[in-house]
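Colleague:
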Amino acid sequence: DHHPGDHGHKIMADLAVNLIQQVALGLMLEPYGHEDEDVVWEELPDPMYEGNSAPNSVMCSVAESFQQLVILSEGFEYINEGTAIKPKPGYVATQPGSRLQLRVDTDRSAVGSPPDAMVHVYLHHLRSYEHMGTATITCVSGCSCQGVEVDALILDRVSQVYLAGLTVTQSSDCIIEVKVLERTNSGEHKFKVSGVVVAEAAGKQDGLPGLNAAHNQEFGLRQHLDEQNGITKVGCA
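Residue numbering for the sequence shown follows the working numbering, beginning at 305 and increasing consecutively.
(1) With 16 as the cutoff for other CB atoms within 10 Å, does residue 319 come out buried or exposed?
(2) Should residue 411 go down as buried or exposed, given a rule of 16 or more other Cβ atoms within 10 Å for buried?
(3) How big is the Cα-Cα spacing for residue 368 and residue 394?
(4) Which value, in whole angstroms, describes the spacing of the CA atoms of residue 424 and residue 341?
(5) Between 459, 429, 491, 445, which has its C-alpha nearest residue 520's C-alpha?
(6) Please report the residue range of the beta strand (DSSP E) in which residue 464 lies.
(7) Just checking residue 469 against the ligand GDP - is the residue's beta carbon closer than 8 Å to any of the ligand's heavy atoms?
(8) Alpha carbons only, please: which of 435, 363, 400, 316 is nearest the one belonging to residue 426?
(9) Grouping DSSP H, G and I as helix and E and B as strand, with all else coil, what is residue 428?
(10) Suppose the cutoff is 7 Å on Cβ atoms and the five residues either side in sequence are ignored; what does the same chain contact list for residue 475 look like?
(11) Based on the DSSP output, what are the partners of residue 480 in its beta bridges?
(12) Would you say the region 475–494 touches the region 400–410, given that touching needs at least three Cβ pairs under 8 Å?
(13) From residue 421 to residue 352, what does the alpha carbon distance come to, in whole angstroms?
(14) Take residue 497 as the anchor and find which of 337, 325, 356, 404 has the nearest alpha-carbon.
(15) Quickly, what does DSSP pair residue 365 with across the bridge? List them, please.
(16) Give me the Cα-Cα distance between residue 314 and residue 332, rounded to the nearest whole angstrom.
(17) Ends of the beta strand (DSSP E) at residue 375?
(18) With a threshold of 7 Å on Cβ separation, who are the neighbours of residue 477 within its own chain once the five nearest residues in sequence on each side are excluded?
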């Protein structure tokens with residue numbers, strides 16, 4: 305539901321305030337004790353629905369968490385092309401032959417995925433109307449996939465993050481490489497990679513459930529807010 309007016313915002317705020325008040329009142333009547341602390345550390349019960357378990361690895365990595373995945377950076381430099389208020393960090397290369405390798409965990413056995421099922425992996429990369437080059441994205445170790453070639457030059461006079469998709473075998477040690485090519489349609493070779501998304505479960509779905517996005521598509525606000533399916537917020541950290 306949408307609440308664009310002040311009245312709607314007040315209703316939503318009242319819900320939060322009432323919850324806080326009820327918790328505070330409950331703690332006054334029955335103070336937090338050792339028994340409560342013991343309950344906090346108890347293991348959660350098994351999911352009510354089979355296969356409804358959280359993944360055992362990070363699904364989405366950007367900024368600092370993305371840096372932790374990078375194991376090789378030849379010709380790529382981590383740069384914030386934005387501001388402190390509106391950061392635009394990522395690994396940027398400007399020369400052909402530059403390579404960026406990252407290690408991702410595509411093992412989805414913890415959520416009940418069959419071991420031979422493929423997993424969708426998407427790299428965030430910048431596309432713009434000038435300076436941009438072409439790169440290949442391939443699996444080089446620990447896993448296998450059919451590589452893709454990405455031309456980051458677009459006709460629209462905008463700069464926008466896009467997704468480059470791979471269908472990857474499951475592995476806890478999957479090495480993916482981005483390599484900038486000699487070929488360019490802009491006369492320059494800039495290529496920027498800013499994040500990676502790994503699907504929660506293996507399967508044949510086209511794109512990411514909950515994100516209205518897939519290979520060769522923009523990855524922006526519209527893709528985060530898939531209102532047709534009732535999704536109004538999706539996090540990527």
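Glycine residues also receive a C-beta, built at the ideal position from the N, C-alpha and C atoms.
Since the model is a prediction, treat every value here as computed from it, not as a measurement.
Modeller: On the basis of the data shown:
(1) exposed
(2) Label assigned to residue 411: buried.
(3) 10 Å
(4) 40 Å
(5) 429
(6) It spans 464–472 - the beta strand (DSSP E) in which residue 464 sits, taken as one unbroken run.
(7) This structure does not include the ligand GDP; it has no bound ligands of any sort.
(8) 363
(9) strand
(10) 410, 411, 446, 447
(11) 406, 443
(12) yes
(13) 24 Å
(14) Nearest of 337, 325, 356, 404 to residue 497, Cα basis: 404.
(15) 500
(16) If you take the alpha carbons of residue 314 and residue 332, they lie about 27 Å apart.
(17) 374–378
(18) 407, 446
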